[in-house]
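For reference, the structure discussed in these notes is given below.
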Amino acid sequence: MLISASDKIHGAAATHATKFTSAITRSPAASAVNGLRAHDMGEVDIDLLLAQHRDYIAALHQAGASVTKLSALPDFPDAQFVEDTALCLPDLAVMMRPGAETRRGEVSPMREALSEVFDHIADITDGYIEAGDILTTPSEVLVGLSARTDEAGANQLHAILSEYGFEMRVLKTPPDVLHFKTDCSLIDDHCILSTERLASSGCFEGYEILLVPLGEEPAANMIRYNDHIIMPAGYPKTEAMLKAQGFNILTVGNSECAKIDGGMSCLSLRF
Ligand code: CIR
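When we follow numbering that gives the first Met the number 0, the leftmost residue of the sequence shown carries the number 0, and every step to the right adds one.
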């Protein structure tokens with residue numbers, strides 16, 4: 000169901016997909032300026048990146064998170080994008096196997112950190128999967144096949160999740176889009192914010208869908224954390240649309256992470 004900006008969305012955050020107590024982040028290393036990117040959008044200003052990262056952590060605190068801040072991994076320029084290394088579900092963490100070879104070494108230090116928190120940890124050992132390609136909703140786990148996530152990885156995840164009683168559906172990340180969640184976010188238990196190019200595939204049938212205003216596509220990646228939405232600054236039409244729906248918005252500058260293809264969801268694991 001496509002809803003218009005004048006309809007109000009009701010429903011308090013209540014499930015494992017929107018309600019959390021904790022988050023994990025990792026400090027960007029100086030090497031973050033060499034992070035992977037699809038297009039050259041200019042040099043990363045490391046001081047500004049660090050300041051924006053601090054603002055992001057402050058926003059998580061404001062939304063009620065207890066934040067574990069892991070230290071930088073200088074050998075891994077993309078390691079601040081912790082989301083890609085693991086899928087966190089109630090009582091289960093699944094360690095990913097990134098399609099980007101330069102990112103594979105980020106997984107084992109995150110496994111160590113998560114083993115302090117999760118009793119059950121499973122590992123992807125076949126194919127590739129990055130959790131930026133995974134959207135968790137209250138009823139299912141949606142996985143978008145992409146240049147970073149292949150069928151073998153998705154099949155193994157499916158087998159693991161079935162064992163733990165989670166439903167999973169395999170979809171496609173739009174061509175030339177880094178991750179599935181580059182283009183969508185769960186902003187309420189049954190409401191997905193999406194770009195038109197992704198939603199037009201019909202993959203969100205059964206959910207309420209809010210479309211990101213044209214020209215503001217990078218705003219599609221945001222996070223719902225309890226009663227707040229944390230979104231990138233600089234997207235006034237999207238912000239106004241969400242405020243009109245009654246959402247509590249926190250904005251964080253993301254100019255520097257955006258240059259290395261990162262957004263709000265990538266910077267934390269939430270559980
Ligand atoms: C990469 O290309 O892997 C990083 N530069 C950006 C990762 C962003 N992560 C995400 O969307 N989940």
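For glycine and all other residues, C-beta sits at the position ideal for the given N, C-alpha and C. All figures in this text were calculated on a predicted structure; none of them were measured in a lab.
Have a look at the DSSP bridge pairing and note the partners of residue i.
i	result
residue 96	128
residue 22	66, 269
residue 227	224, 247
residue 91	88
What residue range is occupied by the uninterrupted alpha helix (DSSP H) comprising residue i?
i	result
residue 101	Taken as a continuous stretch (DSSP letters only), residue 101 belongs to no alpha helix (DSSP H), as it is neither H nor E.
residue 85	Counting along the chain, residue 85 falls outside any alpha helix (DSSP H), though it belongs to the beta strand (DSSP E) covering 85 to 88.
residue 257	254 to 258
Note the first and the last residue of the continuous beta strand (DSSP E) segment covering residue i.
i	result
residue 35	Unbroken run through residue 35: none, as it is neither H nor E.
residue 276	One cannot answer for residue 276 here, as it falls past the ends of the chain, which runs 0 to 270.
So, using beta-carbon positions, are residue i and residue j closer together than 8 angstroms?
i	j	result
residue 224	residue 19	yes
residue 241	residue 211	no
residue 95	residue 88	no
residue 226	residue 247	yes
residue 14	residue 137	yes
residue 27	residue 71	yes
residue 252	residue 239	no
residue 98	residue 146	yes
residue 213	residue 81	no
residue 181	residue 215	no
residue 16	residue 194	no
residue 257	residue 40	yes
residue 167	residue 129	no
residue 183	residue 197	yes
residue 142	residue 149	no
residue 93	residue 156	yes
residue 102	residue 69	no
residue 31	residue 47	no
residue 222	residue 264	yes
residue 22	residue 59	yes
residue 144	residue 153	yes
### Unbroken stretches of the alpha helix (DSSP H), 4 residues or longer, contained in the stretch 45 to 74
45 to 61
### Message
As an exercise, report each continuous beta strand (DSSP E) stretch of at least 3 residues that is fully enclosed by the stretch 115 to 198, in chain order.
### Response
When DSSP assignments are scanned along the stretch 115 to 198, the uninterrupted stretches of beta strand (DSSP E) that are 3 or more residues long and fall wholly within it turn out to be 120 to 122, 133 to 135, 140 to 144, 167 to 171, 183 to 187, 190 to 193.
### Message
Within 8 angstroms, do at least three Cβ pairs link the stretch 108 to 117 to the stretch 62 to 81?
### Response
yes
### Cβ contact (3+ pairs, closer than 8 angstroms) linking the stretch 117 to 125 and the stretch 189 to 206
no
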